[in-house]
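*Asks:* Got a structure for you, questions after.
Shown next as structure tokens:
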């Protein structure tokens, strides 16, 4: 599955008759989010895709390349208080969303506490070796 519509109920605990409508073993779950075409071609779900064109609900991209405008970010810290890793969520040029790791050293990450990254755009690429999207704060685009 590539989507979830949590209203009127959470997908894992449907009430009453909805619990009996679908058999979990008959639902095909994609191994990657890049199989969006399966959602568009799905017998039922195709009628409900892209219904929120102006909202924050966007398609995702697991293997990003291009420009990423940061919409949210966080820094994970070691127990000693030093930054360990930075993670960003943002929009690509085609408005799809992606998650990326900041590929900078701990000292550079510590500088982020004094900066605002939201709204700034950086180059993003998929790293085959680590299997994650990466951005470098040294590659900011104006």
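Residue numbers (our numbering): 48 to 189. Idealized CB from N, CA, C, for every residue including glycine.
Below 6 Å CB to CB, which residues in the same chain sit around residue 174 once its five sequence neighbours on both sides are set aside?
*Replies:* Within the same chain, residue 174 has close Cβ partners 181.
*Asks:* With DSSP as the reference, please indicate the residues paired to residue 170 in a beta bridge.
*Replies:* 114, per the DSSP bridge assignment.
*Asks:* Alpha carbon to alpha carbon, how far is residue 110 from residue 178?
*Replies:* Between residue 110 and residue 178, the C-alpha separation is close to 8 Å.
*Asks:* Can you grab the Cα-Cα spacing for the pair residue 82 / residue 89, in whole Å?
*Replies:* Whole-angstrom Cα-Cα distance: 11 Å.
*Asks:* Quick check on residue 153: does DSSP put it in helix, strand or coil?
*Replies:* Helix at residue 153.
*Asks:* Based on the DSSP output, what are the partners of residue 123 in its beta bridges?
*Replies:* 132.
*Asks:* What span of residues does the alpha helix (DSSP H) with residue 67 cover, start to end?
*Replies:* Run containing residue 67: 63 to 68, per the alpha helix (DSSP H) assignment.
*Asks:* Residue 89 by DSSP, collapsed to three states: which one?
*Replies:* Coil, per DSSP.
*Asks:* Spell out the partners DSSP gives residue 180 in its beta bridges.
*Replies:* Bridge partners of residue 180: 173.
*Asks:* Is it right to say residue 145 is buried, meaning 16 or more other beta carbons lie within 10 angstroms of its own, or is it exposed?
*Replies:* With 16 or more Cβ atoms within 10 Å of its Cβ, residue 145 is classed as buried.
*Asks:* For residue 113, which option in 159, 185, 169, 158 has the closest C-alpha, if you only look at C-alpha atoms?
*Replies:* Here the closest residue by C-alpha is 169.
*Asks:* So, helix, strand or coil for residue 188, using DSSP?
*Replies:* Strand.
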